[in-house]
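**Q** Structure in structure tokens, see below.
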Amino acid sequence: MLSTFSKRNAVEAAQITKSPQLLFPQDITIHEKTQMVTTRTKFYGQSLHDQDRVVPAETLAGRRRRWSTLLRQNHYMPVILEVLDAELPKYANSTIIDPSDRVAHNRECALILASAPSVFAAAVDGSLTTRLLTDPNLQKEYAIVHERAQSQPSIYAQFLADENGIAPTATQYLLIRDMVEDYLAEGQQSTHAWQLDNMTGPSVSISKSAQGYRKYLHRSSRSSQRVETLRKFCEGIQTRVSETPAAQYNVPFHFPPGECGYSGDSHRRLTQHRARQSSNYIMNLVEDICTYLHRTGQFQQQFRMYQHIIYLIFRPSQAAIAEIFCSGLLQVWTENGGGFNAYPAGRSVATSQRLSDSQWAVNEAWVRENSPIEENMRVQQERAIEWTKALEWQPKVMEDEDMLDVSVTATDRSDRYDCV
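If you use the numbering used here, the sequence shown corresponds to residues 19 to 438, in order.
Here you go:
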């Protein structure tokens with residue numbers, strides 16, 4: 019059963035084929051338990067009596083597993099469309115990108131997926147931190163990407179995991195949430211705030227803490243925006259835990275909470291994050307909470323943020339959309355419990371404009387030489403053409419000269435049929 023596409027998607031498929039850069043594959047998933055066929059917008063397989071039935075929302079883990087499976091099968095388009103459908107509306111009134119230019123964004127995302135190294139795929143699968151500890155081939159490839167990022171803009175990702183690359187469990191994440199809520203307490207004495215603020219420098223005096231000062235909430239004064247963002251982060255944790263079956267509360271998350279970003283120099287940027295300079299206060303607070311819970315024996319493992327460079331940008335036009343797409347693909351948002359990113363991506367990519375045309379040409383040449391981009395894009399083009407032909411379902415209009423001989427009957431011509 020073929021999936022149903024909107025007019026916009028059909029038009030995009032045709033446009034992309036004319037400038038062939040993408041695949042338009044079957045955007046379809048079979049739910050094994052329900053035997054229902056799912057497209058991006060509709061469910062098929064329901065009886066007329068089921069049309070108003072509420073379909074359970076897809077979980078974060080289910081969504082990421084589905085995307086991972088599609089990408090392993092080189093089905094780029096359904097993933098790209100779904101991620102951008104969720105992310106681009108955030109930029110309706112923004113000057114960062116033009117959200118209406120879907121063909122250009124689709125093309126850049128396809129190039130990202132086609133040129134992505136295995137470390138990128140491992141990040142999407144949720145296994146990057148673990149595999150880098152045990153997989154020699156991945157370690158070798160990562161060393162190349164890591165070295166190349168010295169001179170090439172890139173996308174980095176950080177994941178919360180223990181020394182074996184294992185993510186927290188739902189139970190542990192709930193305890194982290196409780197600690198954040200205690201840290202936010204106002205009008206009453208926080209039980210743990212002073213200890214948390216002294217897990218890393220600069221230190222905070224106990225008297226200052228007693229007066230209500232919080233390292234991760236204060237600038238010149240207590241930031242109401244940061245308080246609200248951390249409350250939404252706590253709500254996101256609750257959302258993610260509520261998606262987890264009770265029997266799996268003590269099973270580590272398959273997809274570790276993460277953070278994703280762009281940098282013209284990811285080595286320097288990750289060093290800044292590690293030093294808590296111009297960093298993500300949500301992520302840093304959580305890391306300090308994990309350290310505190312480990313030192314006090316409440317966590318057996320020491321969870322910390324593990325840093326990785328996952329993608330090398332080779333076009334200036336990729337910078338903003340790469341951070342947007344990768345953040346959405348890895349689901350690192352606070353509101354769904356997937357991670358620590360609370361603000362729209364793609365806002366701080368000015369360094370991409372500092373490279374000369376010749377430098378970008380060198381970067382693209384390196385990617386063409388050292389990635390399967392050309393073969394992968396060829397596959398996408400072939401699928402796009404196939405789908406465009408499949409969508410040409412309207413009968414062709416006959417030319418006037420083809421209609422001159424109207425006296426020929428069905429008995430005269432066995433290959434002519436009446437059309438109703």
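Ideal placement from N, C-alpha and C gives every residue a C-beta, glycine not left out. The model shown is predicted, which means the values in this text are computed figures rather than measured ones.
Would you kindly report the start and end of the unbroken alpha helix (DSSP H) that includes glutamine 377?
**A** 375–388 is the extent of the alpha helix (DSSP H) around glutamine 377.
**Q** Report the residue from Val121, Ala340, Ala188 whose alpha carbon sits nearest the alpha carbon of alanine 79.
**A** Alanine 79 has its Cα closest to that of Ala188, out of Val121, Ala340, Ala188.
**Q** With respect to the alpha helix (DSSP H) encompassing alanine 104, which residues constitute its N-terminal and C-terminal limits?
**A** That run of the alpha helix (DSSP H) goes 94–105.
**Q** Would you decide whether arginine 386 is buried or exposed? Buried here means 16 or more other CB atoms lie within 10 Å of its CB.
**A** Exposed: under 16 other Cβ atoms inside 10 Å.
**Q** Distance check for arginine 244 and leucine 89, CA to CA, integer angstroms please.
**A** Approximately 36 Å, taken between the alpha carbons.
**Q** Using a Cβ-Cβ cutoff of less than 7 Å, which residues in the same chain neighbour aspartate 215 once the five nearest sequence positions on both sides are dropped?
**A** Cβ neighbours of aspartate 215 beyond the five flanking positions: Val222, Ser227, Arg232, Lys233.
**Q** Just curious, the alpha helix (DSSP H) that leucine 131 is in, first and last residue?
**A** Looking at the DSSP string, the run of the alpha helix (DSSP H) that includes leucine 131 is 120–133.
**Q** Check the DSSP bridge columns for threonine 187 and list the partner residues they point to.
**A** For threonine 187, which the question treats as bridged, DSSP gives the partners Pro270.
**Q** Exposed or buried, which one is alanine 352 when buried takes at least 16 other CB atoms within 10 Å?
**A** Note that residue 352 corresponds to threonine in the displayed sequence, not to alanine. Threonine 352 comes out buried.
**Q** When the Cα atoms are used, what is the spatial distance from serine 145 to threonine 152?
**A** Their backbone Cα atoms lie some 11 Å apart in a straight line.
**Q** Along the alpha helix (DSSP H) that carries leucine 214, what are the first and last residues, could you check?
**A** 211–215 is the span of the alpha helix (DSSP H), which, as asked, contains leucine 214.
**Q** To which residues does DSSP link tryptophan 351 through a beta bridge?
**A** Tryptophan 351 is bridged to Asn359.
**Q** For serine 284, name the three-state secondary structure that DSSP assigns.
**A** Serine 284 falls in the helix class under three-state DSSP.
**Q** Are the region 97–105 and the region 332–351 touching, with three or more C-beta to C-beta distances below 8 Å?
**A** Enough Cβ pairs lie closer than 8 Å, so yes.
**Q** Just the C-alpha distance for tyrosine 191 and alanine 337, rounded to the nearest angstrom, thanks.
**A** When rounded, the distance between both Cα atoms is 32 Å.
**Q** How many Å lie between glycine 276 and lysine 414 at the Cα?
**A** Going from the Cα of glycine 276 to the Cα of lysine 414 covers about 52 Å.
**Q** Please classify asparagine 394 as buried or exposed, where buried requires at least 16 other C-beta atoms within 10 Å of its C-beta.
**A** By the neighbour-count rule (16 or more Cβ atoms within 10 Å), asparagine 394 is buried.
**Q** Between the region 160–167 and the region 264–278, do three or more beta carbon pairs fall short of 8 Å?
**A** Too few Cβ pairs lie closer than 8 Å, so no.
**Q** Going straight from the alpha carbon of glutamine 371 to that of serine 281, what length do you get?
**A** Computed Cα separation, rounded: 12 Å.
**Q** Out of Val304, Trp411, Thr257, which has the shortest C-alpha to C-alpha gap to phenylalanine 177?
**A** That would be Val304, whose Cα lies nearest to the Cα of phenylalanine 177.
**Q** Rounded to a whole number of angstroms, what is the C-alpha to C-alpha distance between threonine 247 and alanine 360?
**A** Distance between the alpha carbons of threonine 247 and alanine 360: 7 Å.
**Q** Leaving out the 5 sequence neighbours to the left and right, which residues in its chain are closer than 7 Å to threonine 209 when beta-carbon positions are compared?
**A** Counting only Cβ-Cβ distances below 7 Å, and skipping sequence neighbours, we find Asp200.
**Q** Measuring CB to CB, does isoleucine 339 end up less than 8 Å from histidine 164?
**A** Cβ distance not < 8 Å, so isoleucine 339 and histidine 164 don't count as in contact.
**Q** Express the C-alpha separation of glutamine 412 and aspartate 283 in angstroms, rounding to a whole number.
**A** Straight-line Cα distance between these residues: approximately 52 Å.
**Q** Return the chain-ordered list of same chain residues with a C-beta closer than 6 Å to the C-beta of arginine 446, the five sequence neighbours on each side being excluded.
**A** This structure cannot settle anything about residue 446, because the visible part of the chain is limited to 19 through 438.
**Q** Kindly indicate the opening and closing residues of the alpha helix (DSSP H) around isoleucine 327.
**A** Segment 322–330 is the beta strand (DSSP E) holding isoleucine 327; no alpha helix (DSSP H) there.
**Q** Under 6 Å Cβ to Cβ from alanine 185, same chain only, skipping five residues before and after it: list those, please.
**A** Cβ neighbours of alanine 185 beyond the five flanking positions: Ala179, Pro270, Phe271, Pro274.
**Q** Which residues in the same chain as alanine 211 place their Cβ atom closer than 8 Å to its Cβ, once the five residues preceding and following it in sequence are excluded?
**A** Contacts found: Asp200, Tyr201, Ala203, Ser227, Arg232.
**Q** Tell me which residues share the same chain as threonine 77 and place their Cβ nearer than 6 Å to its Cβ, disregarding the 5 neighbours each side in the sequence.
**A** The residues are Glu261.
**Q** For proline 390 and tyrosine 329, I'd like the C-alpha separation in whole angstroms.
**A** Computed Cα separation, rounded: 14 Å.
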